[in-house]
Structures are given as C-alpha cells and as structure tokens.
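K.L.:
Its first residue numbered 1, the sequence shown is counted upward by one per residue in full-length UniProt numbering.
All C-beta atoms, glycine included, are put in the ideal place defined by N, C-alpha and C.
Quick caveat, the model's predicted, so the values are computed rather than measured.
Would you mind keeping the following structure in view while I ask a few things?
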Amino acid sequence: MVRSLRDHVLEPLSTATEIVDREHAEVEAERRAFARFGDRVAGIETETPSASEPGQRQMLVDTPSNRTERLRSAFRESVMSVDHYEERYGESLVEHVAAELTADVAAGFRRNSGAAFTEFYKSTLTSAVANAVDGRERLCDQLDGERSSLEASRRALDDLVENCGGPWSETATVGIEPELDEIAQQRQALVQRRDPVSGTDGHDLCDYVYGNADWTYPVLTAITRFRTAVV
C-alpha cells in the first residue's frame, strides 16, 4: 500500500524531472550550437560598405556577397543541426534567424538581398549571437535550480510516505500538515524568486517547462495528492 501511495504522490515529480532533464539537454545543445556559430562568424572577413549612396543604412549595400552563403551554411551546420530542431521549431533558416537574432540580422541571411557583411553588421550579428548564448546559459542555470528543488521535494515527500505507513494509519499522520506546509513554502520561495537579468520568475519557468503537462506546479500537485490520500 505504501508503494502504491508513493507512486501516486511522487508521479508528478518523476515526470517533471524527466521534462526538466530533456529541456536542459536541448537548451544546452542550442547554447553550444550558437557558440559554434559565433566562432564561424568570427572567421568571416568584413566588407567595406558602398559609398555610392551616403544616405543608405550601413548594413545594407547594393552588392550581394558570397558571405551570405557562408553565413547560411554556418547557421545551418550549427544552430539548425541540433537533433530536436525540426520537432521543436521546424522553421526556415531566415525565419529562425529572425526569431532568435532579430529581423534586421536576418536580412543578411537572405539571398539576393543586397546585404553586405560590413563591420557594423558583423558587430550587430555577434552581439545577437552572444545574447542567444547568454540567455541559454541563464536558462540552464534556472533548470538546474528547478531540478534541485524537485529532488529536495521528492526526498521530503518520500520520507513522509515512508513514515506514514499507509492511509489507514491515523497515528502516523499526526504532524504531517506542518511538514507539508514547510515543503510547500520552500517550493514557493523558489517559484517566486525573480531572475535579475531576464526579469522572469519561477512562475514563468513553470509555464514554459510544464506547458504540455497535466499540471503547472508539480510539487504542489504532489502535496495535494498526499493530503487527499492521507491527511
């Protein structure tokens, strides 16, 4: 009976851990891919912008360059080569560049666009790539924190299930409510913590990570299951 109760209570945490591990692996793969792309970009020499039209924006000139093909190949062979790309994104090259690096940067990836690989454009692109890498590093850190929270909650709830001895043991349930409240409070402290750089908090992370699950807050779901079955 204890095994059945444990499985019922801890199932959301087991599922959540699998989701977090999968998300972490994908985000880390993307971080490495953008870093590789950044290395490829660093090796492409810039062009001198045309002086024939002084009013023209720096990143746009009237002579196309084979550097566009080098950019496209580098992006395709790095960022778009991650195993989950088609399943997760399924976007064309230019669409994905625009989504990840801004529409202005994506102009340099369009064939026959007349965009030149100027120093200004390279700097803009390099900065956008660095932001993509940094953002994924921060997300990996948040996912690490989420996993640690799930593990701590799982250990605490597992101990309570073990000590309970089954839903029929009334004496074993004495004092459980305060312990459940403590687990919930510790979890909420993490969920409400706001990242100073991105401005997101644990609620945003849970919405993002568990968007396709049957619940948004796995620890609170596990606590509710325990209360319903035992307390």
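Can you give me the C-alpha to C-alpha distance between R76 and H203, rounded to a whole angstrom?
P.N.:
Rounded to the nearest angstrom, the two C-alpha atoms are 33 Å apart.
K.L.:
Considering only the alpha carbon of each residue, which of Q186, D141 and R67 lies closest to T48?
P.N.:
That would be R67, whose Cα lies nearest to the Cα of T48.
K.L.:
When you compare each of R138, V82 and A106 to residue 238 by their alpha carbons, which one comes out closest?
P.N.:
Residue 238 lies beyond the range of the chain shown here (1 to 231); nothing can be said about it.
K.L.:
Among residues of its own chain, excluding the 5 on either side of C140, which ones have a beta-carbon nearer than 8 Å to its beta-carbon?
P.N.:
If we look at C140 and ignore the five residues flanking it on each side, its Cβ neighbours are H24, V27, E28 and R31.
K.L.:
Between V94, A74 and V20, which has its C-alpha nearest G211's C-alpha?
P.N.:
Taking only the C-alpha atoms, the option nearest G211 is V20.
K.L.:
Identify the residues that DSSP records as bridge partners of E47: which are they?
P.N.:
T118.
K.L.:
Within 10 Å of its beta-carbon, does Y208 have 16 or more other beta-carbons around it, so buried, or fewer, so exposed?
P.N.:
So Y208 ends up on the exposed side.
K.L.:
Am I right that H8 and A229 are in contact with their C-beta atoms under 8 Å? What's the rounded C-beta distance?
P.N.:
Rounded, the Cβ-Cβ distance is 7 Å, consistent with contact.
K.L.:
Under a Cβ-count criterion, where at least 16 other Cβ atoms within 10 Å of its own Cβ denotes burial, should T221 be classed as buried or exposed?
P.N.:
Looking at its Cβ environment, which holds 16 or more other Cβ atoms inside 10 Å, T221 is buried.
K.L.:
Locate the alpha helix (DSSP H) running through Y208, then write down its first and last residues.
P.N.:
First-last of the alpha helix (DSSP H) with Y208: G202 to V209.
K.L.:
State the CB to CB distance for the pair P218 and L5, rounded to an integer number of angstroms; the pair is presumed to be in contact (CB under 8 Å).
P.N.:
Not quite, the Cβ-Cβ distance comes to about 17 Å (not below 8 Å), so this is no contact.
K.L.:
State the Cα-Cα distance for the pair D181 and Q188, rounded to the nearest angstrom.
P.N.:
Their backbone Cα atoms lie some 10 Å apart in a straight line.
K.L.:
By a C-beta neighbour count over all protein chains shown, 10 Å radius and 16 as the cutoff for buried, is R3 buried or exposed?
P.N.:
By the 10 Å Cβ count, R3 comes out exposed.
K.L.:
Indicate whether the contact test is met: 3 or more Cβ pairs, each with one atom in the segment 77-92 and one in the segment 107-120, closer than 8 Å.
P.N.:
No, they do not touch.
K.L.:
Return the first residue and the last residue of the alpha helix (DSSP H) that T221 is part of.
P.N.:
From DSSP, the alpha helix (DSSP H) with T221 extends over P218 to A229.
K.L.:
CB L150 to CB T46, shorter than 8 Å?
P.N.:
The answer is no: Cβ separation not under 8 Å.
K.L.:
Three-state secondary structure (DSSP) at R6?
P.N.:
Three-state result, R6: helix.
K.L.:
Which whole runs of the alpha helix (DSSP H) in the segment 78-157 are 4 residues long or more, in chain order?
P.N.:
Taking only runs of at least 4 residues, the alpha helix (DSSP H) segments lying wholly in the segment 78-157 are 85-88, 93-101 and 103-106.
K.L.:
Just how far apart, CA to CA, sit R147 and T200?
P.N.:
About 17 Å.
K.L.:
In angstroms, rounded to a whole number, what distance separates the CA positions of S73 and I223?
P.N.:
The alpha-carbon atoms of S73 and I223 are separated by roughly 50 Å.
K.L.:
Could you tell me the alpha carbon to alpha carbon distance between A103 and E95, rounded to whole angstroms?
P.N.:
A103 and E95: Cα-Cα distance of roughly 9 Å.
K.L.:
Would you mind giving the Cβ-Cβ distance between L71 and F34, rounded to the nearest angstrom? I have them listed as a contact below 8 Å.
P.N.:
Incorrect: roughly 14 Å between the Cβ atoms, too far for contact.
K.L.:
Starting from A189, trace the alpha helix (DSSP H) both ways and give me its first and last residue.
P.N.:
Note, A189: alpha helix (DSSP H), I176 to V191.
K.L.:
Whole-angstrom Cβ separation of V129 and V41, contact assumed at under 8 Å?
P.N.:
Contact holds; Cβ gap of about 7 Å.
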